[in-house]
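From first to last, the protein sequence lines are chains A and B. For what it's worth, my numbering labels the leading residue of the first sequence as 1, then goes sequentially. For what it's worth, my numbering labels the leading residue of the second sequence as 1, then goes sequentially.
Number of protein chains: 2
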Amino acid sequence: MAHDIRIVTEAELRGAVGLDLDTVRVIEEAFGALSDGGVVMPPVLSMDLAEAHGEVDVKTAYIPGFSGFAIKVSPGFFDNPKLGLPSLNGLMILFSAQTGLVEAVFLDNGYLTDLRTAAAGAVAARHLAPERVQVAGVIGTGVQARLQARAAHLVRPFERLLIWGRDAERARACADDLSDMKCDIAVADSPADLVRDSQLVITTTPARAPVIEAAWLHPGLHITAMGSDQAGKTEIDPKALVQADLYVADRAAQVEKLGELRGAIAAGLWDRGAPVELGDVIRGRARGRQGQTDITICDLTGTGAQDTAIATHVMARLAGRDVGAVIRA
Amino acid sequence: MAHDIRIVTEAELRGAVGLDLDTVRVIEEAFGALSDGGVVMPPVLSMDLAEAHGEVDVKTAYIPGFSGFAIKVSPGFFDNPKLGLPSLNGLMILFSAQTGLVEAVFLDNGYLTDLRTAAAGAVAARHLAPERVQVAGVIGTGVQARLQARAAHLVRPFERLLIWGRDAERARACADDLSDMKCDIAVADSPADLVRDSQLVITTTPARAPVIEAAWLHPGLHITAMGSDQAGKTEIDPKALVQADLYVADRAAQVEKLGELRGAIAAGLWDRGAPVELGDVIRGRARGRQGQTDITICDLTGTGAQDTAIATHVMARLAGRDVGAVIRA
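This is the structure:
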């Protein structure tokens with residue numbers, strides 16, 4: 001029996017949904033649902049294509065109460081820049097959670113992933129950063145550096161933004177791209193300087209050795225580490241996880257394999273069992289920050305639940321609107 | 001950077017590619033490639049949605065030398081018939097094996113899976129059935145019963161086809177649907193009768209207890225068991241696997257978990273280690289049937305390599321043709 005499937009391109013998606021408090025709320029709800037239980041989120045399907053210098057990840061999650069579930073395919077082909085193509089691309093498919101029928105294909109080239117990843121940063125900041133953030137610092141100079149800065153500002157309207165990257169020119173370009181933000185922006189001289197002066201720090205790098213040292217932690221600091229999403233990546237000295245008053249995971253089962261916790265466990269530093277999850281803090285099942293001087297760290301590895309949440313959100317936004325092509329299949 | 005993506009519906013796919021010797025050759029090549037090595041085929045991503053009485057499987061494989069790789073999503077939602085919808089549907093996405101860019105979305109509702117599954121039956125018959133098959137028998141009365149009969153006839157042009165199913169009316173309907181085939185067709189009284197009179201038998205059921213007894217095996221018989229594709233399903237008495245002169249798997253690592261071999265291992269009957277794979281027989285790395293009187297069994301659980309092969313084949317068929325919608329994304 002034929003039914004309508006909506007096919008939406010990246011350009012159309014960019015026109016329909018952006019980084020705003022509505023998107024943050026949707027991702028917050030996905031984390032809450034993870035905490036409520038009943039979410040079905042299989043391990044990531046991962047295919048390593050050494051021959052093509054590429055990799056493909058497939059993520060999905062079913063969230064009770066959501067009308068659809070997404071399957072996201074994220075290819076990364078690292079010789080693409082030689083061909084003038086981006087390394088990362090991919091798409092999301094939205095299925096009806098009631099019938100399994102395909103409802104939409106979002107040819108987003110990773111845009112929705114960028115969005116839901118940035119929104120998760122805002123959720124972490126909302127629930128874990130000090131109430132009052134005067135200075136925020138972003139480490140890294142890529143797409144997520146830009147988006148995380150904007151996402152954080154939605155929930156903690158800081159007055160000053162510091163940016164640091166290994167390449168000072170890229171850091172300046174990042175600052176320039178953010179010049180429309182309603183705050184001062186400066187490039188920091190070093191990550192140590194950036195951390196010292198900030199109450200909220202977001203790390204957005206693919207680093208394989210810590211960028212932030214444990215000695216730099218100071219009272220009233222919150223760090224969101226969103227760079228590490230596979231074994232081998234790490235942005236924070238494992239000792240920092242234990243020194244902090246609170247270490248929070250997006251998903252406990254993931255951070256111990258793909259996130260910062262992996263290093264702390266490997267080094268024999270971590271003996272606190274499964275870490276608190278962000279959803280538990282959102283739902284009030286676990287205590288978050290206890291006061292302005294606490295040191296908190298949130299580790300984001302990225303979940304299929306976020307993909308399902310953003311895809312369902314986009315579909316709701318598009319309802320009744322003439323966006324994309326409709327195919328009867 | 002925008003590129004063109006072709007979106008093709010089930011109806012368009014049915015017009016473009018069917019069950020013929022060309023399709024059989026493509027699937028044969030996929031099995032050969034599996035034997036050659038270098039294929040990357042991750043375990044199936046499987047999501048069980050008890051709440052919705054549904055399940056979703058994601059399969060993929062990268063085959064060296066193929067221009068693309070497919071990711072196939074197969075949802076099964078078993079309350080759909082109550083809504084007048086089919087239980088099974090889904091789609092395939094074809095990616096460039098060089099850049100990872102999406103090349104095509106095949107909204108096939110499972111049609112390409114039906115096709116590649118039937119073609120695998122023909123490949124098994126070509127390489128394992130006796131040279132001369134006068135009577136073929138199909139057990140089961142669904143879509144695959146029909147397709148497997150036609151596929152087998154492409155490579156072993158038998159004179160008589162027997163069909164048996166638990167529901168005699170469905171068996172007759174199946175026979176009627178095949179009345180255009182160039183052979184006599186009859187409904188068998190029992191599976192024992194069907195096996196006794198056939199040189200080639202294909203089982204296409206979702207049975208959870210053996211339909212074929214080991215005592216029924218006779219010289220010059222080949223059986224292809226394509227029904228079992230998950231733990232708990234079985235169509236053939238495990239003793240038959242040991243009694244046969246040769247038992248061949250589509251993929252050794254799969255049949256011991258999802259296929260007929262699982263039962264034989266569980267019963268302590270199987271002590272021959274990893275079974276021969278169909279691709280090894282195709283490539284001449286393992287011996288197949290040794291003579292007209294051998295008894296052979298082939299166990300097909302379905303592989304991502306078949307999906308990649310059929311999707312790549314479809315794309316080649318569509319090249320230069322105005323089929324489907326082209327979206328610049």
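Note that the Cβ used here is the ideal one computed from N, Cα and C, for glycine as well.
Listed by chain order, chain A residues near residue i by CB distance under 8 Å
{"i": "B:A97", "result": "L49 and A52"}
{"i": "B:A309", "result": "Correct list: empty, because the minimum Cβ distance to chain A is about 16 Å."}
Chain-ordered chain A contacts of residue i [CB-CB under 9 Å]
{"i": "B:S46", "result": "P42"}
{"i": "B:E10", "result": "A2 and A329"}
{"i": "B:I93", "result": "V73, L91, I93 and V105"}
CB contact flag (residue i, residue j, <8 Å)
{"i": "B:R156", "j": "B:V133", "result": "yes"}
{"i": "B:L91", "j": "B:V73", "result": "yes"}
{"i": "B:L300", "j": "B:G121", "result": "yes"}
{"i": "B:A152", "j": "B:A125", "result": "yes"}
{"i": "B:C298", "j": "B:T205", "result": "no"}
{"i": "B:V314", "j": "B:A97", "result": "no"}
{"i": "B:I212", "j": "B:D237", "result": "yes"}
{"i": "A:L194", "j": "A:W164", "result": "yes"}
{"i": "B:L19", "j": "A:A329", "result": "no"}
{"i": "B:D184", "j": "B:R160", "result": "yes"}
{"i": "B:A207", "j": "B:E235", "result": "yes"}
{"i": "B:P42", "j": "A:L147", "result": "no"}
Proximal residues of chain A, C-beta to C-beta of residue i below 7 Å
{"i": "B:F77", "result": "T99 and G100"}
Any C-beta of chain A under 8 Å from that of residue i
{"i": "B:V105", "result": "yes"}
{"i": "B:Y111", "result": "no"}
Length of the line joining the Cα atoms of residue i and residue j
{"i": "A:P86", "j": "A:P75", "result": "11 Å"}
{"i": "A:M226", "j": "A:I139", "result": "10 Å"}
{"i": "B:G142", "j": "A:F31", "result": "42 Å"}
{"i": "A:A267", "j": "A:T203", "result": "21 Å"}
{"i": "A:A309", "j": "A:P210", "result": "31 Å"}
{"i": "A:V105", "j": "A:C174", "result": "31 Å"}
{"i": "B:G304", "j": "B:Q254", "result": "11 Å"}
{"i": "A:L261", "j": "A:P275", "result": "9 Å"}
{"i": "B:E10", "j": "A:N89", "result": "26 Å"}
{"i": "A:A325", "j": "A:A311", "result": "17 Å"}
{"i": "B:N109", "j": "A:A240", "result": "50 Å"}
{"i": "B:Q292", "j": "B:V123", "result": "18 Å"}
{"i": "B:A249", "j": "B:P64", "result": "21 Å"}
Three-state secondary structure (DSSP) of residue i
{"i": "B:A104", "result": "strand"}
{"i": "B:D176", "result": "helix"}
{"i": "A:A192", "result": "helix"}
{"i": "B:D307", "result": "helix"}
{"i": "A:R285", "result": "coil"}
{"i": "B:L221", "result": "coil"}
{"i": "B:V211", "result": "coil"}
{"i": "B:P75", "result": "strand"}
{"i": "B:F158", "result": "coil"}
{"i": "B:M92", "result": "strand"}
{"i": "A:M47", "result": "strand"}
{"i": "B:T234", "result": "coil"}
{"i": "B:L113", "result": "What sits at residue 113 of chain B in the sequence shown is Thr, not Leu. Three-state result, B:T113: helix."}
{"i": "A:I27", "result": "helix"}
{"i": "A:I265", "result": "helix"}
{"i": "B:K257", "result": "helix"}
{"i": "A:V17", "result": "coil"}
{"i": "B:D36", "result": "helix"}
Beta-carbon neighbours of residue i, restricted to chain B and to distances below 7 Å
{"i": "A:I71", "result": "V58 and V73"}
{"i": "A:P64", "result": "E51"}
Within chain B, the residues that residue i reaches when beta carbons sit closer than 9 Å
{"i": "A:A325", "result": "I7, A325 and I327"}
Cutoff 8 Å: residue i Cβ touching any chain B Cβ
{"i": "A:I163", "result": "no"}
Proximity test, residue i beta-carbon vs the ligand FAD heavy atom, cut-off 7 Å
{"i": "A:G268", "result": "Looking for the ligand FAD in the displayed structure turns up nothing, as the structure carries no ligands at all."}
Short CB-CB distance (under 8 Å) between residue i and chain D
{"i": "A:D245", "result": "Among the protein chains of the structure shown, namely A and B, there is no chain D."}
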